[in-house]
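Numbering (my numbering), first residue to last: 369 to 598.
Quick reminder that beta carbons are idealized off the backbone N, C-alpha and C, glycines included.
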């Protein structure tokens, strides 16, 4: 990912978040790999990734907090800044032969797209420190075991699996789902009392949708665990 690609990614996700027809996005890479990180050959050229205090992250959308979920479909490698892109996503579906890791360790390139923030929150400080200090490769099975990815699927199927998962999530009532998601992100690390107040504030936005759902349930929808969408 070079500078122009990073800007295009950020713009694409802004368009997605503003599009009322879109509920869930799937991020995937062409050519059999998710993302190998920033284009190191572009550093120091006009096409290099921008590193600034304000605006988008060097990899594009990594400083953005969207109102809708994004699923990473990981084939091949998700390493260095590519790992940070995957960490920015809400869920990660990885192929069985996928490889993840902080490969930028090899070249002295820092994690500045949320890697030192999101990685320990996701897998714990001890595991995150291991990956950050060693830069070692992590296979899909180990990544699943430590919670770095949410699902593993056969090679060549990550995009299709992620799109099926996206369709399942898109079928739910969206106001409640989106506020619960944002509440999880916003309450992370807060004192309990403050976090509970934040959760309630989000929940209040969902009461009308909850009343509609309760009415459908009372009318007989959902018998025997069935769910046919919102």
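Nearest candidate by alpha-carbon position, reference residue i, set the options
i: residue 382; options: 563, 487 and 437; result: 437
i: residue 401; options: 412, 515 and 454; result: 454
i: residue 522; options: 379, 446 and 462; result: 462
i: residue 441; options: 399, 565 and 576; result: 399
i: residue 419; options: 564, 370, 533 and 586; result: 370
i: residue 376; options: 388, 389, 536 and 425; result: 425
i: residue 457; options: 558, 395, 535 and 524; result: 395
i: residue 430; options: 378, 484 and 528; result: 378
i: residue 526; options: 576, 445, 408 and 388; result: 445
i: residue 389; options: 403, 535, 486 and 422; result: 535
Cβ neighbours of residue i in the same chain (closer than 6 Å, five flanking residues each side left out)
i: residue 449; result: 405, 406, 427 and 481
i: residue 538; result: 391 and 392
i: residue 520; result: 462, 464, 508 and 512
i: residue 491; result: 514, 515 and 516
i: residue 574; result: 543, 544 and 547
i: residue 417; result: 371, 374, 406 and 426
i: residue 530; result: 394, 439, 441 and 461
i: residue 423; result: none
Bridge partner(s) assigned by DSSP for residue i
i: residue 393; result: 438
i: residue 477; result: Residue 477 pairs with nothing; no bridge assigned.
i: residue 428; result: 425
i: residue 445; result: 467
i: residue 462; result: 442 and 520
i: residue 507; result: 467
i: residue 403; result: 446
Supposed close pair residue i, residue j - CB separation, criterion 8 Å
i: residue 572; j: residue 518; result: Rounded, the Cβ-Cβ distance is 29 Å, inconsistent with contact.
i: residue 556; j: residue 495; result: Not confirmed; about 17 Å, so no contact.
i: residue 541; j: residue 581; result: 6 Å
i: residue 443; j: residue 397; result: 7 Å
i: residue 411; j: residue 533; result: The Cβ separation is near 35 Å, so there is no contact.
i: residue 553; j: residue 433; result: 7 Å
Chain-order list of residues whose beta-carbon lies under 7 Å from that of residue i (same chain, five-residue window excluded)
i: residue 469; result: 447, 451, 499, 503, 504, 505 and 506
i: residue 415; result: 370, 371 and 372
i: residue 578; result: 544
Close Cβ partners of residue i (< 8 Å) along its chain, the five nearest in sequence each way excluded
i: residue 435; result: 385, 546 and 550
i: residue 473; result: 500, 501, 502 and 503
i: residue 332; result: Outside the displayed span of the chain (369 to 598) sits residue 332, for which this structure offers no information.
i: residue 408; result: 475 and 477
i: residue 566; result: 551, 554, 555 and 558
Neighbour flag for residue i against chain E, beta carbons, 7 Å
i: residue 513; result: No chain E is part of this structure, which consists of one protein chain only.
Open item on the list: Does the contact criterion of 3 or more C-beta pairs under 8 Å hold for the region 541-557 versus the region 504-514?
Closed with: With the cut-off at 8 Å, the region 541-557 and the region 504-514 do not touch.
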